[in-house]
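S.K.: I am attaching a structure below and will ask some questions about it afterwards.
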Amino acid sequence: MFWRRHLKWSNDKSLCGWIVGFVIGVSAIAGCEASNEGVTTLTFWAMGSEGENVQKLIPRFESEHPGITVRVQQIPWTAAHEKLLTAFAGNSLPDLFQLGNTWIPEFSFLNAIAPLDPFLGESTTIQPQSYFDGVWETNVIDSTVYGIPWYVDTRLLFYRKDILAAVGFQRPPTTWNELKEVSRRITKTSASRKRYAIFLPTNEWQPAVVFGLEVGSPLLKENNTRGDFSGESFARAFRFLRSFYEEDLSPTSWMDVQNVYQAFAEGYIAMYITGPWQIGEFRRRLPSNVRDKWMTAPLPASEPGRLGYSVAGGSSLVISRTSPRQTEAWKLIQFLSRPDVQMEFFRLMGNLPARLEAWDDPLLKEDPYLQAFFRQLEYVTATPKIPEWEQIAFAKVIEHVERAANVQIADEEILHMLDRDVDRILEKRRWMMQRMLTEREQ
Amino acid sequence: MRKNAAKIVLITVSTILALLTATPLVWMALASVMPTGQASSFPIRLLPDAVTLEHYATLFDRLHIGRYFLNSLMVSISITLISLFVNSLAGYAFAKFRFGGRDKLFRMLLAALVIPAQVTMLPLFLMLNTMGLVNTYLGVIIPGIASIFGIFVIRQFALSIPDSLIEAARIDGAGDLRIYFTLILPLCRPILVTLAIFTFMGTWNDFLWPLIVMTDDSMYTLPVALASLAGEHVQDTELMMAGSVMTVLPVLVLFMALQRYYVRGIMMGSVKG
Amino acid sequence: MTIATRTQPQIITTALFLSPALSVLAAFFFVPVLSSFLLSFTDFDIYALGNLEYLRFVGLKNYESLLNDPLFWKALQNTFFFVFVGGPLSVLFSLSTALLLNAKLAPWRGLFRLIYFAPVVTTLVAVAVVWRYLYHPRFGLLNSLLGLFGLSPIDWLGDPTWAMPAIILLAIWKNFGYNMLIFIAGLQNIPDELYEAARIDGAGALMQFWNITLPQLAPTSLFVGLTTMIGYFQLFAEPYVMTQGGPMNSTLSIVLLMYQHGFRWWSIGYAASIAFVLFAMIFIVSLVQVKLQKGMQES
């Protein structure tokens, strides 16, 4: 049997066995999930660190509601949208989940989430008037409530007190004119080295949209089936935003400020429009010499006498339409909406409570950085409530703002192109609206 | 004299080039042990003031890099083992079995090499979704378990096995499966090792498909996790460098250890046309 | 021979050996390719994902909208730039280093080869992350290197004119070692007699390179050039990690565009049509490769 001479395989067997054993081992660890009988198990998906922190609140809920256990799954923000849509397509949505409030239109349209009015009607703990109007509004689609605000979020002005004071502003700008004036003064006084007055990132849609909402632009028109960016009001906001890039008051390349904390500490930027999560980051990351030299302020308004409008952001809790455990899921929503639980959640991770009562807590009331948010939240507007908004904002608004910041093209031309792109995205929506109309007529 | 001058020029050029080539990787390693903030400060420092492993600790404690590491290992090893088996079965059959339409079928497969994988991804995702395989190891592994290139390489190698050897085994009464396991596989060992390294590294470094299929962060492979962290931790240069080291090191070490086989694989690939 | 014919495996055995690979390829490669083709004639999107009633057959409309989509043209232009500028540069650099390492005078060739080759095996995503910091306008190593030569700093990834060159530079660094090895093998296959004959004829080093090395390397160069191009058409991870396609879409590639439409906005039908444009381009390059190789073999 001369061919057996070629056999040398056997000494590798132990290695193969080891590898196979390892693979099986890892899959066993990965696939292992506890099963529990006799009690109702709720599945609850929450994003990012919300998912991590909300787990600490669950034991209390479970002890108050014996018979219900909650399994929290954490999904990363970056993939949350895709993940939820996939789960919806695969009919594997959890009983309840966190939803960014700009996504509510999409999921209600897809019939993925349950209307909450029947629960609200009987509830004593959750009432619309205990929430910020603008934020509650984002959860209402065609006068049906689909989500309960969990925490709120908006954009406003972070600024360096010392730099503004040095150019004669003892208080933050309250109007667009003042904002422009202070920006000009800041850049003018820094002849020695390059610096910018304000950071309006060109890779975010919020600056353009926030200014647009402030002047009352609807952003979209004809029942949200066409873009209204070339409309008069948005054009005005756009001109205002663009002037900051043209006058070199804001960096036109977002790479320029890769580390925003460092840039803010160095005075490379003196103002920054951003959201509440940055309060914690600023406290933690700014060096001690500038630690007490910054403050937050509501957005300046286009006309004097009121605050400027900002975008109504935040996350809501929603219930899957197909869940057989909706009653139990509602109990968890009620629990998470209780002012004391909302406060606990705030203490855990700094997300701003959606419940107005929670804002009476000294922890929030006496925090100077948070006061601006409280005032700003009375002046927030929702972005258009359609599924395509994500794509319009992230793909198209950013694309054209970036162009406006860097290329010399007339405003009208850019805005027309933006509208054209948006109209193309909304083609399907127009078709579906048409179809629904004809169906209704029949 | 001229020879010496030429030699000096050659060494200088080669050395400068080597320094430039190594710099990104060396800087990555150095920055990963710098205290926070030092890698993005001015003037630029190449050497850390003090060596710290805090970023590695953060990666393991807070950012679950151990988990991603295991995911990557799991996926890469599974694909390597399964695809080696599946491809060698087919490669051997294409080389040594005679059946109608064999060459036609093989040519068809080769022609399909021009189709980029990206074309299949959209429907493949929808398919796996209906099968409930999105966000599972299997979802990443399945499209990798058979590869036309793997079949091709093994077939080319198996062609060189003398028929007489197989016939002798057959006369001895060995069945086809037995011949495959006890004769062909051992004979194909060099090519199998080479292919294994290529497959392992290719899977380890793969990005687009796991990015699409793994929707849950506990299922991420290292490159996907790193890309996701890079978005959220832009400011933390040192931390990101530590993550990069963790991702790159295993394949670099594997390459250093098995350089010979790897280089041979490139040569084989280059004569395929 | 006669024995072999008689003891050839049965058809069932053949099927047993082939079926695992072929069935997987059929189910997870060929069927998806076909479905992708069909999808590209529909407007499959999130609405259709939720309810198939909202799926429309749209004929060639996706391809038509592609032609009218400035972003698609931008992506095509960027990809071409990467392929037809980055590709040749990359090959040229590989050839130069191969010649450098092939010079018999040079010592430590093994060590240099190892160093030059190291970037090839690294993980693309990881090195893209690293290079993003190397490219930082203020704290990046690259700009301080430029500073040593008195050059002013460049906003590599923030400036639309520099972003794609920056990605090309990374790609060259990452890939040149691979083709370098193939070129070295090609160089070593050139028979020494050719050079000896040339030397006897009194040809200098430059003449030898021009008249012997280059023509003898032609098949290798062709292979290397075209496979590099095919690979470069699939540019994705570098812009995904480093720039997200920006600034001003200057690094948006075809595959990135496909990914965004397909897996971010769920316009799957539209994304499928982009995938087929990619396929068409790669198909054409492959066709050129086959034709040229045939022509070379014949001559």
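Just so you know, the sequences run in chain order A, B and C.
Residues 7 to 448 (my numbering) make up the first sequence, in order.
Residues 14 to 286 (my numbering) make up the second sequence, in order.
Residues 127 to 425 (my numbering) make up the third sequence, in order.
Glycine is no exception: its CB is placed at the ideal position from the N, C-alpha and C atoms.
Note that the coordinates shown come from a computational prediction; the quantities given were computed from them, not determined experimentally.
By the criterion of Cβ-Cβ separation under 7 Å, what are the contact partners of Arg264/C in chain B?
M.R.: Phe55
S.K.: Please return the same chain residues whose Cβ sits closer than 8 Å to the Cβ of Leu97/B, not counting the five positions on each side in sequence.
M.R.: Gly163, Leu205, Leu208, Ala209 and Thr212
S.K.: Along the stretch 387-409 of chain C, where does the CB come closer than 8 Å to a CB of chain B? Name the residues.
M.R.: Gly388, Phe389, Ile394, Ala397, Ala398, Ala401, Phe402, Leu404, Phe405, Ile408 and Phe409
S.K.: Does the stretch 248-260 of chain B come close enough to the stretch 120-139 of chain B that 3 or more CB-CB pairs lie under 8 Å?
M.R.: no
S.K.: Anything in chain A within Cβ reach of Val286/C, meaning under 8 Å, just list it in chain order.
M.R.: The sequence given here has Pro at residue 286/C, not Val. In chain order: Asn412.
S.K.: Just mark Ile21/B as buried or exposed, buried being the case when its beta carbon has 16 or more other beta carbons within 10 Å.
M.R.: exposed
S.K.: Under 8 Å between C-beta atoms, does Thr228/B make it to chain A?
M.R.: yes
S.K.: Against chain B, with Cβ distances strictly below 8 Å, would Trp282/C count as a contact?
M.R.: no
S.K.: So, with DSSP's three-state summary, where would you put Tyr202/A?
M.R.: DSSP, read as helix, strand or coil, puts Tyr202/A in strand.
S.K.: Report yes or no: is there a C-beta of chain C within less than 8 Å of the C-beta of Ser259/A?
M.R.: yes
S.K.: Ile35/A to Arg80/B, Cα distance in whole Å?
M.R.: Its pLDDT being 48, under 50, Ile35/A is placed unreliably by the model, and nothing is read from it.
S.K.: Quick one: any contact between the stretch 378-387 of chain C and the stretch 404-411 of chain A, if contact means 3 or more CB pairs under 8 Å?
M.R.: Because the criterion of three Cβ pairs below 8 Å is not met, the stretch 378-387 of chain C and the stretch 404-411 of chain A do not touch.
S.K.: Give a yes or no on whether the C-beta atoms belonging to Leu151/C and Ile155/B are separated by under 8 Å.
M.R.: no
S.K.: When DSSP builds the beta bridges, which residues end up paired with Met53/A?
M.R.: Ile81/A
S.K.: So within the stretch 57-85 of chain B, which uninterrupted alpha helix (DSSP H) runs reach at least 4 residues, ignoring any that extend past its ends?
M.R.: 67-74
S.K.: Report the neighbours of Gln248/B on chain A: residues whose CB is nearer than 8 Å to its CB, in chain order.
M.R.: Gln264, Asn265, Val266, Tyr267, Gln268 and Arg291
S.K.: Determine, for Val32/A, whether the minimum Cβ-Cβ distance to residues of chain B falls below 8 Å.
M.R.: Only weak support exists for where Val32/A lies, its pLDDT of 49 falling under 50; the coordinates are left without a value.
S.K.: Using a C-beta cutoff of 8 Å, does Lys62/A count as contacting chain B?
M.R.: no
S.K.: Is the distance from the Cβ of Val403/C to the Cβ of Leu352/C below 8 Å?
M.R.: no
S.K.: Going by beta carbon distance, what residues of the same chain come within less than 8 Å of Phe362/C, once the five residues before and after it are set aside?
M.R.: Ser379, Val381, Leu382 and Tyr385
S.K.: Counting only C-beta atoms, is Ile380/C closer than 8 Å to chain A at any point?
M.R.: no
S.K.: Closer than 7 Å by beta-carbon distance: list the chain C residues that pair up with Glu405/A, in chain order.
M.R.: Asn375
S.K.: Does DSSP put Gly244/B in a helix, in a strand, or in coil?
M.R.: The answer is helix: DSSP assigns Gly244/B an H, G or I state.
S.K.: Pick from Asp74/B, His77/B and Pro37/B: whose alpha carbon is nearest that of Trp299/C?
M.R.: Pro37/B
S.K.: Out of curiosity, what's the CA-to-CA distance linking Leu383/A and Ser89/B?
M.R.: 49 Å
S.K.: Express the C-alpha separation of Glu372/A and Leu338/A in angstroms, rounding to a whole number.
M.R.: 29 Å
S.K.: Going by other Cβ atoms of all chains shown within 10 Å of its Cβ, with 16 needed for buried, is Pro175/B buried or exposed?
M.R.: Per the 10 Å Cβ criterion, exposed.
S.K.: Should Thr280/A go down as buried or exposed, given a rule of 16 or more other Cβ atoms within 10 Å for buried?
M.R.: buried
S.K.: Applying the 10 Å Cβ sphere with the 16-neighbour rule, what's the burial state of Gly37/A?
M.R.: Any reading at Gly37/A needs caution, since the residue's pLDDT is 45, under 50, leaving its predicted position unreliable; the model's value is listed next. Classification for Gly37/A: exposed.
S.K.: Could you name each continuous alpha helix (DSSP H) segment of 4 residues or more that falls completely within the stretch 174-254 of chain C, going from the start of the chain to the end?
M.R.: 187-193, 196-207, 213-228 and 235-247
S.K.: Quick check on DSSP: helix, strand or coil for Pro390/A?
M.R.: coil
S.K.: Does any C-beta atom of chain B lie closer than 8 Å to the C-beta of Ala289/C?
M.R.: Cβ-Cβ to chain B under 8 Å: no for Ala289/C.
S.K.: Rank Leu48/A, Ser308/A, Ile204/A and Leu424/A by C-alpha distance to the C-alpha of Asp254/A and give the top, closest one.
M.R.: Ile204/A
S.K.: For Val416/C, count the other beta carbons within 10 Å of its own beta carbon; 16 or more makes it buried, fewer makes it exposed. Which is it?
M.R.: exposed
S.K.: Counting only Cβ pairs nearer than 7 Å, list the residues of chain B close to Ala95/A.
M.R.: Asn142
S.K.: Identify the contact partners of Ser191/C in chain A, using a Cβ-Cβ distance below 8 Å as the criterion.
M.R.: Arg430
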